[in-house]
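These protein sequence lines are chains A and B, in that order.
Mapping of the first sequence onto UniProt numbering: position 41 corresponds to residue 41, and the numbering continues sequentially without gaps.
Mapping of the second sequence onto UniProt numbering: position 177 corresponds to residue 177, and the numbering continues sequentially without gaps.
Below is one structure, written out as structure tokens; comments come after it.
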Amino acid sequence: MKKSLVMAVILVLSMALAACGKESNSAGKPDADFPKKPITLIVPWSAGGGTDTGARLLQPYLEDELGVTVNVVNKTGGGGWVGWNELANAKPDGYTIGLANSPHIITGYMNPALKRDKNLDDFIGLGMHVIDPDILAIRKDEKRFSTTEELVEYAKDHKLTVTATGEGTDEHLVILSFNKKYGTQFEAVHFDGAAESRAAVLGGHVDILIANAGEVLSLYKDKEIKVLGVASSKRSQFMEDVPTFEESGFEIYQESSRGLIAPKGLDSEVLAKLQEALEKAVNNEEHIQKMADLGYGVNYENGDDYMTVLKKDEEAVIDLKGLLGWE
Amino acid sequence: MDTSIILNILENLFTVQTFIALFIGVVGGIIIGALPGLSSTMAVALLVPITFGMEPVAGLVMLTAIYTSATYGGSLASILLHTPGTPASAATALDGYQLTQRGMAAKAIGISTVSSMIGGFISGVALLFLAPPLAKLSLMFSAPEYFLLAIFGLTIIGSLSGASMVKGLASGVLGLLIGTIGIDILTGFPRYTFGSVSLESGISLVPALIGLFSLSQVFMMLEKKKGPKKEVVEQKLGKLLPERADMKKTLPTILRSSGLGVLVGILPGAGGDVGSWVGYNEAKRFSKNKHEFGKGSIEGIAGSEAANNAVTGGALIPLMTLGIPGSSTTAVLLGGLMIQGLVPGNELFTVNGHISYAVIIGFIVANILMGIVGLFGAKYFIKALKVPPNILITIIIILCILGSYAINNSMFDVYMMLFFGVLGYLMRKTGFSTAPVILGMILGPIAEKGLGQSMIMGQGHLVSFFFQRPISIVFMILILLALLSPFFLKMMQKKRATV
């Protein structure tokens with residue numbers, strides 16, 4: 001008797017709580033004096049990684065603009081989607097925002113095997129922070145080819161192994177694009193991250209290194225590797241002597257970008273305040289310099305333009321769906 | 001190096017801020033490491049943002065000091081409570097806790113402290129003088145070698161099994177199976193995730209370890225409390241330093257494990273958790289007292305503890321020379337370097353040499369200081385055993401939950417920890433050893449990934465690909481020896497018996 005009564009009370013209470021939660025979820029209340037308490041910034045990767053370092057460098061400037069504390073919280077797992085799921089489910093009141101990486105956030109829901117129920121439409125863009133183009137590099141003692149043209153010619157008749165960091169990652173998309181457009185026989189060897197990729201190429205175990213420019217900067221400066229091309233429409237500010245693929249006659253564009261997003265349904269006033277603060281923080285000269293010292297190219301785009309960039313990235317992935325076996 | 005640079009390095013090192021940072025790093029590291037669930041990776045991750053505002057040398061000395069001290073601190077809880085403070089000290093629990101139960105906790109801690117100090121010190125010296133050649137050596141290892149290293153490591157299971165080989169192997173296979181959970185990075189396919197995003201990156205090692213070792217230990221303690229009468233084992237307090245006979249017995253093991261630890265450390269794909277098991281197993285293989293292992297062997301403690309601290313300096317080598325972290329903790333440390341504007345590579349030793357060398361010397365000093373603090377603290381650490389069980393149990397449970405939550409900031413990991421706690425308890429009650437599960441979880445994914453990558457790298461000629469690589473061949477011979485030597489030994493014994 002007593003037990004069932006307790007159970008009933010618990011049930012009613014939890015249902016009431018659930019109902020409350022839903023209501024406040026759908027209607028982010030307008031907030032004139034936003035922000036008045038600390039803001040949580042979800043970083044979906046572990047502390048100390050590239051994304052985390054970039055976020056922590058931005059954090060103090062964002063705090064200055066917003067006037068409240070910004071807490072970086074690392075929520076790792078599921079290729080970033082543990083964090084993004086949590087962000088999508090967070091109350092859209094502006095106090096929970098998150099860091100997005102493209103194309104990771106996109107490939108995460110394009111892979112049908114993962115059966116995700118969230119996509120870009122569940123988020124709203126606050127602004128882009130960093131853009132880091134993919135580069136292609138070879139060992140310094142490579143004899144078979146020394147330019148992108150020679151490499152592509154060679155790879156049409158020979159199989160070559162190339163580093164990537166998982167199915168559908170930006171490196172993998174570069175490989176697939178080359179194979180699709182220019183008939184190269186690149187074979188992806190997936191590693192757990194850029195660190196392992198670099199080791200594999202430096203040690204001569206894999207032929208070609210594909211990584212983001214920021215990840216190979218010190219190897220490039222030390223001339224431990226030779227960078228053949230950049231997958232961007234303009235040269236990288238950190239490797240001015242390296243031609244773009246476009247200059248070499250190949251239409252390969254692939255970048256990995258980072259920016260800030262919030263769950264959809266944000267009040268327009270709150271959104272405007274966040275976007276404005278982010279713009280000022282990202283464009284702060286001191287911040288740009290600090291990021292550049294680490295090889296991160298700051299590239300501000302406003303919230304709407306950032307979403308457009310992400311949509312474009314989505315189209316690029318759709319284009320390669322067949323090669324990824326995701327149809 | 002001319003004298004002005006050396007002076008510059010010393011000037012950087014001998015500042016008040018650096019020494020305070022060094023001391024805080026060592027003491028804080030030991031404490032964090034000793035708490036079950038709070039690993040060195042987490043300690044460094046928590047402190048990276050704080051070092052942002054510090055002088056580069058002071059900040060980085062603190063981080064490296066924490067790294068090595070937390071690795072050592074992990075052994076304390078392993079020895080005293082059978083609750084490994086870090087994944088790297090799981091192997092230490094096997095023999096350390098046995099000694100505690102026999103009233104020889106002080107001796108176990110003494111051996112662990114000296115082994116850790118020597119291991120860490122040797123790795124620091126290797127970092128200072130041998131970094132470039134060792135970094136080159138680390139690059140010779142790739143997918144096939146990782147695959148074989150993991151297989152070699154798995155042969156350890158045979159020696160961990162204790163009474164029943166079948167039960168030991170079953171535990172190992174369970175660990176291997178658990179290791180397959182998550183997205184396969186080679187194909188992007190989710191395995192055994194049941195639609196859960198949290199399972200996509202696999203089951204985290206730390207919650208599983210806490211559950212299998214620490215929480216299951218809590219259950220065992222609870223059970224004992226209900227028993228007829230609680231008996232307190234009187235702990236002998238020896239001298240600060242281990243006795244001369246013990247040192248003589250363990251020194252070869254310490255030196256061997258230090259070398260092995262540095263080697264495992266320089267490999268980007270393997271860290272302290274692998275290093276300690278390799279050190280433990282080789283200690284057993286070369287020991288004249290094999291039967292003591294698992295029953296309280298000081299060689300076992302020395303084997304794993306010298307190795308896991310030697311991993312720390314080893315892991316810093318590829319990090320500082322190539323920007324390739326040699327362990328998960330050094331991956332976090334990379335963030336600490338970058339945030340100070342120090343980009344790994346040649347520049348770190350030329351333009352920023354005055355900082356880098358100061359940090360390396362600071363790391364060596366940290367290892368010595370860690371040993372001194374450990375030896376003087378040993379008597380106080382043992383007092384943990386005098387804490388009434390009900391209070392101790394409460395504290396351990398709180399730490400178990402905190403630790404498993406903090407690793408990914410996720411409640412899911414707490415549930416996993418609870419699940420593994422019950423599993424570990426049931427296994428121990430039915431005579432299954434929990435250590436092979438952890439070993440399988442650590443090595444299984446390394447082996448699988450290595451084999452998958454080798455198949456692509458070998459481009460269809462897998463066997464000849466393996467036989468083209470000298471290090472692979474060495475590993476294959478080692479694996480064969482490890483597997484066949486027990487049979488030969490038995491045959492030889494039989495022959496001798498009949499003669």
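Ideal Cβ placement from N, Cα and C applies to all residues, glycine included.
Notebook entry, point to check: Closer than 8 Å, Cβ to any Cβ of chain A: which residues of the region 393-411 of chain B, in chain order?
Noted result: 408, 409, 410
Margin query: Does residue 150 of chain A come out as helix, strand or coil in the three-state DSSP assignment?
Written below: helix
Notebook entry, point to check: Just to confirm, are residue 462 of chain B and residue 203 of chain A a CB contact at a threshold of 7 Å?
Noted result: no
Check: Mind pulling the chain A residues with CB within less than 9 Å of residue 200 of chain B?
Finding: 77, 78, 79, 81, 82, 114, listed in chain order.
Notebook entry, point to check: Does the separation of the CB atoms of residue 135 of chain A and residue 297 of chain A fall below 7 Å?
Noted result: no
Notebook entry, point to check: Measuring CB to CB, does residue 431 of chain B end up less than 7 Å from residue 136 of chain B?
Noted result: no
Next item on the list: Could you round the C-beta distance between residue 222 of chain A and residue 346 of chain B to whole angstroms and report it? I think they count as a contact, below 8 Å.
Entry: 5 Å
Check: Considering residue 378 of chain B, what are the terminal residues of the alpha helix (DSSP H) in which it resides?
Finding: 353-382
Next item on the list: Return the first residue and the last residue of the alpha helix (DSSP H) that residue 5 of chain B is part of.
Entry: 3-13
Margin query: Just list the residues that DSSP pairs residue 212 of chain A with in beta bridges.
Written below: A/134
Margin query: Quick check on DSSP: helix, strand or coil for residue 68 of chain A?
Written below: Taken through DSSP and simplified to helix, strand or coil, residue 68 of chain A comes out as coil.
Note to self: With a threshold of 8 Å, are at least 3 pairs of Cβ atoms found where one atom belongs to the region 36-43 of chain A and the other to the region 305-322 of chain B?
What the structure shows: no
Check: Just how far apart, CA to CA, sit residue 179 of chain A and residue 158 of chain A?
Finding: 12 Å
Check: Excluding the five sequence neighbours on either side, which residues of its own chain have a C-beta within less than 8 Å of the C-beta of residue 234 of chain B, listed in chain order?
Finding: 103
Notebook entry, point to check: Can you list, in chain order, the stretches of the alpha helix (DSSP H) that have 4 or more residues and sit fully within the region 241-266 of chain A?
Noted result: Segments of the alpha helix (DSSP H) lying fully in the region 241-266 of chain A: there are none.
Next item on the list: Could you name the residues of chain B that residue 218 of chain A contacts, counting a contact when the two beta carbons are closer than 9 Å?
Entry: What residue 218 of chain A touches in chain B, judged by beta-carbon distance under 9 Å, is 322, 323, 343, 344, 345, 346, 347, 348, going in chain order.
Item checked: With 16 other Cβ atoms within 10 Å as the buried cut-off, status of residue 280 of chain B -> buried
Margin query: Considering Cα atoms alone, identify which of A/276, A/293, A/313 is closest to residue 302 of chain A.
Written below: Residue A/276 holds the alpha-carbon nearest to the alpha-carbon of residue 302 of chain A among A/276, A/293, A/313.
Item checked: Local Cβ density within 10 Å of residue 26 of chain A, reported as buried at 16 or more and exposed below that -> Any reading at residue 26 of chain A needs caution, since the residue's pLDDT is 40, under 50, leaving its predicted position unreliable; the model's value is listed next. Per the 10 Å Cβ criterion, exposed.
Next item on the list: Please report the residue range of the alpha helix (DSSP H) in which residue 126 of chain B lies.
Entry: 105-129
Note to self: Any C-beta of chain A within less than 7 Å: which residues of the region 452-478 of chain B qualify?
What the structure shows: In summary, the residues of the region 452-478 of chain B whose CB is separated from some CB of chain A by less than 7 Å are 453, 456, 457, 459, in the order they occur in the chain.
Next item on the list: Count the other CB atoms, across all protein chains shown, that sit within 10 Å of the CB of residue 192 of chain B; report buried if there are 16 or more and exposed otherwise.
Entry: exposed
Check: Can you find a CB in chain A that lies within less than 7 Å of the CB of residue 37 of chain B?
Finding: no
Next item on the list: Report all residues from its chain with a CB closer than 6 Å to the CB of residue 254 of chain B; omit the five preceding and five following residues, and keep chain order.
Entry: Cβ neighbours of residue 254 of chain B within its own chain (closer than 6 Å, five residues either side excluded): 115, 118, 302, 306.
Next item on the list: Apply the 10 Å Cβ neighbour rule to residue 138 of chain A and answer buried if 16 or more other Cβ atoms are within range, or exposed otherwise.
Entry: Burial call: buried.
Margin query: On the CB-based measure, 16 or more other CB atoms within 10 Å of its CB, does residue 304 of chain B come out buried or exposed?
Written below: buried
Checklist line | Residues of the region 205-217 of chain A with Cβ closer than 8 Å to any Cβ of chain B, in chain order | finding: 205, 206, 217
Next item on the list: Just the C-alpha distance for residue 465 of chain B and residue 149 of chain B, rounded to the nearest angstrom, thanks.
Entry: Cα atoms of residue 465 of chain B and residue 149 of chain B: separation of roughly 16 Å, rounded to the nearest angstrom.
Notebook entry, point to check: Would you say residue 120 of chain B and residue 367 of chain B are within 7 Å of each other, going by their C-beta atoms?
Noted result: yes
Check: Three-state secondary structure (DSSP) at residue 228 of chain A?
Finding: strand
Check: By the criterion of Cβ-Cβ separation under 7 Å, what are the contact partners of residue 49 of chain B in chain E?
Finding: This model lacks chain E altogether; the protein chains it does include are A and B.
Next item on the list: Compare the beta carbon distance of residue 517 of chain B and residue 428 of chain B with 7 Å and say whether it is the shorter of the two.
Entry: It is not possible to answer for residue 517 of chain B, since the shown part of chain B is limited to 1 through 499.
Notebook entry, point to check: Which word fits residue 319 of chain A, buried or exposed, when buried means at least 16 other C-beta atoms lie within 10 angstroms of its C-beta?
Noted result: exposed
Check: Is residue 387 of chain B buried or exposed, if buried means 16 or more other CB atoms sit within 10 Å of its CB?
Finding: exposed
Margin query: Taking its Cβ as the centre, do 16 or more other Cβ atoms sit within 10 Å of residue 28 of chain A, making it buried, or is it exposed?
Written below: Low local confidence applies: a pLDDT of 44 at residue 28 of chain A is under 50, so the model's placement there is unreliable, with the coordinate-based value given in what follows. Buried, since its Cβ has 16 or more Cβ neighbours within 10 Å.
Margin query: For residue 97 of chain A and residue 42 of chain B, I'd like the C-alpha separation in whole angstroms.
Written below: 23 Å
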